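All residue numbers for the sequence shown refer to the working numbering, where the first residue is 107 and numbers rise by one. Glycine included, every Cβ here is placed at the ideal spot set by N, Cα and C. Fair warning: this is a prediction, and the values are worked out from it, not measured in the lab. Only one structure is covered here, and it is reproduced in the block below.
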Amino acid sequence: CGPGCGPGCGLDASVRPNQIFAVSLPYPILAEDFQAQVVECVRNKLLTPYGLRTLAPDDAAYCGRYAGGPAERDGAYHQGTVWPWLLGHYGDALLRTAWDVEGAVQGLLETLTPLYCDHLTDAGLGSISEVFDGSPPYAPNGCIAQAWSVAE
107 CGPGCGPGCG LDASVRPNQI FAVSLPYPIL AEDFQAQVVE CVRNKLLTPY
157 GLRTLAPDDA AYCGRYAGGP AERDGAYHQG TVWPWLLGHY GDALLRTAWD
207 VEGAVQGLLE TLTPLYCDHL TDAGLGSISE VFDGSPPYAP NGCIAQAWSV
257 AE
């Protein structure tokens, strides 16, 4: 979703959650109109009921399941797996760019209802898993109680 760096720079056009940091940090580095475009792109391509995907599902390298042996799981970790800990940065970016803050918060809470209402009694009781599959039904994976997932 971000701008290119110019001809021959080796631009990677994949949509990843890293761009949300350019909007969520206290001193954003992007113009206001572009901040909103980043948040919209992340919402449309990466946001799930359990966190942000590490890669958009329309990318050829996308892997929607975090499964298999160690090599397969390692290969999927950054290729579409959902990370709950990124929700804090997404929420900060959303609040920074929203015209209707109350509506934005309500919409986000509705999107995340499965995380807070179902998952807390699903894997590690009262906790949040490390990662989730990038594709529905977004099965929890990794460790069942991940500190960085709970912290955000």
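Nearest-angstrom Cα distance between Gly112 and Ala119?
With a pLDDT of 48 at Gly112, under the threshold of 50, the modelled position of that residue is not reliable, and the figure given next carries that caveat. If I take the Cα positions, the gap works out to 12 Å.
What first and last residue would you give for the beta strand (DSSP E) that runs through Leu215?
Segment 207-217 is the alpha helix (DSSP H) holding Leu215; no beta strand (DSSP E) there.
Return the Cβ separation of Val188 and Ala162 in integer angstroms, given the expectation that the two are a contact with Cβ distance under 8 Å.
With a Cβ gap of about 12 Å, Val188 and Ala162 do not count as contacting.
Count the other CB atoms within 10 Å of the CB of Val144; is the residue buried (16 or more) or exposed (fewer)?
Val144 is buried by the Cβ-count criterion.
What residue range does the beta strand (DSSP E) around Gly157 cover?
Looking at the DSSP string, the run of the beta strand (DSSP E) that includes Gly157 is 157-159.
For Tyr244 and Ile250, what's the separation of their Cα atoms in angstroms?
Those two C-alpha atoms are separated by around 14 Å.
Applying the 10 Å Cβ sphere with the 16-neighbour rule, what's the burial state of Asp239?
Classification for Asp239: buried.
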